[in-house]
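K.L.:
To start, I am sharing the structure in question, which I have written as structure tokens.
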Amino acid sequence: MSIAPVPPTAPAPAVRLRVPTDEDALIWHRVFDDPEVMEFHGGRSAEFSVYEELTARQRRHDAELGFCLWTLTDEDDTVLGFTGAQPWPHTHFGPVGAIEIGWRLGRRAWGRGYATAAARTTLERLRAAGVPDVVAMIDSRNARSIAVAERLGMRHAETFTTPRAGQEGYCYRLAL
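Next up, the structure:
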């Protein structure tokens, strides 16, 4: 099934962002258990334990920093994925020391404006938390995420070679 992109004049969908719970680890595991969703994240589903660690880390980030990768839900509280920000998690490549904004949605939520709407909410929360600027690291082949970054006003600033088989990644930046 093909999902038509949201026309530019369409109103933004209602989104909710909340700190991920223990239960969200299983929900994220299920929502992201799709080769198309994981195409730019290693190409296959991560083990459940990866999501357990990720949701626990996000709860710590929220408590310590006031922001994290939040669970993204629609107006019916259906979990669509996550959107939010965290310190760049790598020390050997990329924008070391930066705050990275990111999003990952299940396929059923693609093309409906959820990622952009949730990322805009994230930017508002980051401004309120005093974050001066953000980056988005995006696989160079990921046209959907590049489009979201550009809709947010982010600009391509750098190109990195990632450790994953020498894949090229783009670093987008935005001053808040």
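In our numbering, the protein residues as written are 2 to 177. The beta-carbon is built from N, C-alpha and C at its ideal position, and this holds for glycine as well.
At what residues does the beta strand (DSSP E) containing residue 86 begin and finish?
P.N.:
Walking along the sequence shown from the start, residue 86 turns up at place 85. First-last of the beta strand (DSSP E) with residue 86: 80-88.
K.L.:
Since residue 171 sits in a beta bridge, which residues does DSSP pair it with?
P.N.:
The residue you call residue 171 lines up with position 170 of the sequence shown. Residue 171 is bridged to 139, 160.
K.L.:
Check the DSSP bridge columns for residue 134 and list the partner residues they point to.
P.N.:
Numbered from 1 along the sequence shown, position 133 holds the residue referred to as residue 134. According to DSSP, residue 134 bridges with 176.
K.L.:
Locate the alpha helix (DSSP H) running through residue 111, then write down its first and last residues.
P.N.:
On the sequence shown, position 110 is the one that residue 111 refers to. Neither: residue 111 is in no alpha helix (DSSP H) and is coded neither H nor E.
K.L.:
Hey, residue 172 and residue 88 are a contact pair by Cβ (cut 8 Å); roughly how many whole angstroms apart?
P.N.:
As a first step, residue 172 must be located in the sequence shown, where it is residue number 171. As a first step, residue 88 must be located in the sequence shown, where it is residue number 87. So it is not a contact: roughly 15 Å between Cβ atoms.
K.L.:
Let me know the secondary structure DSSP gives residue 22 once reduced to three states.
P.N.:
Residue 22 sits at position 21 when you count from the first residue of the sequence shown. Residue 22 falls in the coil class under three-state DSSP.
K.L.:
Per DSSP, residue 100 is paired with what?
P.N.:
Counted from its first residue, the sequence shown places residue 100 at position 99. DSSP output for residue 100 lists 88 as bridge partner(s).
K.L.:
Distance check for residue 91 and residue 158, CA to CA, integer angstroms please.
P.N.:
On the sequence shown, position 157 is the one that residue 158 refers to. On the sequence shown, position 90 is the one that residue 91 refers to. Rounded to whole angstroms, residue 158 to residue 91 spans 18 Å at the Cα level.
K.L.:
For the stretch 37-86, list the alpha helix (DSSP H) runs that are entirely contained and at least 4 residues long, ordered along the chain.
P.N.:
For the stretch 37-86, whole alpha helix (DSSP H) runs of length 4 or above, ordered along the chain, are 49-66.
K.L.:
Whose CA, out of 122, 112, 48, 74, lies closest to the CA of residue 86?
P.N.:
Translated into positions along the sequence shown, residue 86 becomes position 85. For the residues 122, 112, 48, 74, the minimum Cα distance to residue 86 belongs to 122.
K.L.:
Would you mind working out which of 79, 50, 111, 150 sits nearest residue 1, comparing C-alpha positions?
P.N.:
Nothing can be reported for residue 1, as the shown portion of the chain is limited to 2 through 177.
K.L.:
For residue 24, which of 146, 41, 46, 60 has the nearest alpha-carbon?
P.N.:
Numbered from 1 along the sequence shown, position 23 holds the residue referred to as residue 24. Comparing Cα positions, the closest option is 60.
K.L.:
So is residue 82 buried or exposed if we call it buried at 16+ other beta carbons inside 10 Å?
P.N.:
Reading the sequence shown from its first residue, position 81 is the one you call residue 82. It counts as buried.
K.L.:
If you draw a straight line from the C-alpha of residue 141 to the C-alpha of residue 78, how long is it?
P.N.:
Reading the sequence shown from its first residue, position 140 is the one you call residue 141. Reading the sequence shown from its first residue, position 77 is the one you call residue 78. Cα-Cα distance, rounded: 32 Å.
K.L.:
Does the Cβ-Cβ distance between residue 174 and residue 156 come in under 8 Å?
P.N.:
Here residue 174 corresponds to residue number 173 of the sequence shown, with the count starting at 1. Here residue 156 corresponds to residue number 155 of the sequence shown, with the count starting at 1. Yes; because the gap between Cβ atoms is below 8 Å, this pair is in contact.
K.L.:
Going along the chain, which residues of its own chain have a beta-carbon closer than 8 Å to the beta-carbon of residue 160, five neighbours each way excluded?
P.N.:
Start at 1 with the first residue of the sequence shown, and residue 160 comes out as number 159. Around residue 160: 141, 169, 170, 171, 172.
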